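Shown next, in C-alpha cells, is the structure this report addresses.
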Amino acid sequence: MSEETNAKIEEKVIIEDPGQALDAAQETMETFIETADVSRVYGEPILHEETMIIPAAEVLAVAGFGAGYGAGGPQDSGGEGGGAGGGGKTFSRPVAVVIADQSGVRVEPVVDPTKIALTFFTALGFMVATVARMMRGR
C-alpha cells in the first residue's frame with residue numbers, strides 16, 4: 002500500500018433493450034461498491050515484536066451512467082432506438098499508519114511532499130494570474 006493505485010473498469014456490452022441497460026449499470030455499480038470495501042481501506046495488520054502496524058488508505062470510487070431508448074419514427078421505418086453508456090474509476094492512496102504498542106495507539110500520517118509542493122505551486126500560479134488580471138483592468 003505504499004504506492005497510489007488506480008483501477009479502471011472497462012467492459013463493452015451491446016444493449017438491445019432498456020432493461021438490459023439497467024442490468025449492466027447495476028452490475029457495474031456493484032463492482033464499484035466492492036472496490037470501495039473497508040478491506041481496501043485498512044491493510045493487513047503487521048506484527049513486529051510487540052508492535053502492531055495497520056496501514057490505512059483513502060479509497061474513492063466514481064461512476065456515471067446514461068441510457069436511452071426510442072420508439073416510433075417515420076411510418077416507413079417503423080422506428081427504433083437504443084444506446085447506453087457509462088464509466089468510472091477507482092482511486093486509492095495511503096494516508097496513515099496506525100501503530101499500537103505497549104505505550105498506546107497512535108496514528109502517523111503519510112505525508113507526500115511532492116503533492117504538497119504541487120499544490121503550493123498551483124495555488125501560487127492562480128494567485129499570480131488573478132493579481133495580473135486585476136492589475137491589467139486598471
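For reference, each letter of the sequence shown is one residue, going 2 to 139 in the numbering used here. Even glycine gets a Cβ: it sits at the ideal position worked out from N, Cα and C. Only a predicted model underlies this, so the values are computations on that prediction, with no experimental measurement involved.
request  = With a 10 Å radius around its C-beta and 16 neighbouring C-beta atoms as the bar for buried, classify Ala130 as buried or exposed.
outcome  = Here the question's residue 130 lines up with position 129 in the sequence shown. By the neighbour-count criterion, in which a residue is buried when 16 or more other Cβ atoms sit within 10 angstroms of its Cβ, Ala130 is exposed.
task = Take Glu59 and list the residues in its own chain whose beta-carbon comes closer than 6 Å to its own, dropping the five residues that flank it on each side.
result = As a position in the sequence shown, residue 59 is number 58, starting the count at 1. Cβ neighbours of Glu59 beyond the five flanking positions: Arg94 and Val96.
inquiry  = Buried or exposed, going by whether 16 or more other CB atoms sit within 10 Å of the CB of Pro36?
reply    = By 1-based counting over the sequence shown, the position of residue 36 is 35. For clarity, residue 36 is Thr in the given sequence; the question names Pro instead. Classification for Thr36: buried.
query = In terms of alpha-carbon separation, which member of Thr32, Gly71, Val99 and Gln27 lies closest to Glu45?
reply = Residue mapping note: residue 45 aligns to position 44 of the sequence shown, counting from 1. Glu45 has its Cα closest to that of Val99, out of Thr32, Gly71, Val99 and Gln27.
task = For the alpha helix (DSSP H) containing Val132, list its first residue and its last residue.
result = As a position in the sequence shown, residue 132 is number 131, starting the count at 1. It spans Pro114 to Arg137 - the alpha helix (DSSP H) in which Val132 sits, taken as one unbroken run.
query = Under a Cβ-count criterion, where at least 16 other Cβ atoms within 10 Å of its own Cβ denotes burial, should Ala26 be classed as buried or exposed?
reply = The residue labelled residue 26 in the question sits at position 25 within the sequence shown. The residue is buried, with at least 16 neighbouring Cβ atoms inside 10 Å.
inquiry  = On the CB-based measure, 16 or more other CB atoms within 10 Å of its CB, does Thr91 come out buried or exposed?
reply    = Residue 91 sits at position 90 when you count from the first residue of the sequence shown. Thr91 should be labelled buried.
ask   = Hey, out of Gly82, Glu109 and Phe66, whose CA is closest to Gly89's CA?
value = In the sequence shown, counting from the first residue as 1, residue 89 sits at position 88. The option with the nearest alpha carbon to Gly89 is Phe66.
request  = Grab the span of the beta strand (DSSP E) containing Pro110 for me, first residue to last.
outcome  = Numbered from 1 along the sequence shown, position 109 holds the residue referred to as residue 110. Pro110 -> beta strand (DSSP E) spans Gly105 to Pro110.
ask   = By Cβ distance, which residues of its chain are closer than 7 Å to Gln21, with the 5 residues on each side in sequence left out?
value = On the sequence shown, residue 21 is found 20 positions in, with the first residue counted as 1. If we look at Gln21 and ignore the five residues flanking it on each side, it has no Cβ neighbours.
8 Å contact criterion, which Gln103 and Glu51 should meet: CB distance rounded = Taking the sequence shown and counting its residues from 1, the one referred to as residue 103 is at position 102. Taking the sequence shown and counting its residues from 1, the one referred to as residue 51 is at position 50. The C-beta separation of Gln103 from Glu51 comes to about 6 Å, placing the pair in contact by the 8 Å criterion.
key: Coarse secondary structure for Ala72, derived from DSSP in three states   = One-based indexing of the sequence shown puts residue 72 at position 71. DSSP places Ala72 in coil when its eight states are reduced to three.
task = Confirm, please, whether the CB-CB distance from Ala101 to Met53 is below 7 Å.
result = Taking the first residue of the sequence shown as position 1, residue 53 is located at position 52. Taking the first residue of the sequence shown as position 1, residue 101 is located at position 100. For Met53 and Ala101, yes; Cβs fall inside 7 Å.
message = Assuming the contact rule is C-beta atoms closer than 8 Å, Gly82 and Gly71 should be a hit. Round their C-beta distance to whole Å, please.
response = For the purposes of this step, residue 82 is taken as residue 81 along the sequence shown, with counting starting at 1. For the purposes of this step, residue 71 is taken as residue 70 along the sequence shown, with counting starting at 1. Indeed, because the Cβ distance is near 2 Å, the residues count as touching under 8 Å.
request  = Drop a sphere of 10 angstroms on the beta-carbon of Ala118, count the other beta-carbons inside from all chains shown, and report buried for 16 or more, exposed for fewer.
outcome  = For the purposes of this step, residue 118 is taken as the residue at position 117 of the sequence shown. Exposed, because fewer than 16 other Cβ atoms sit within 10 Å of the Cβ of Ala118.
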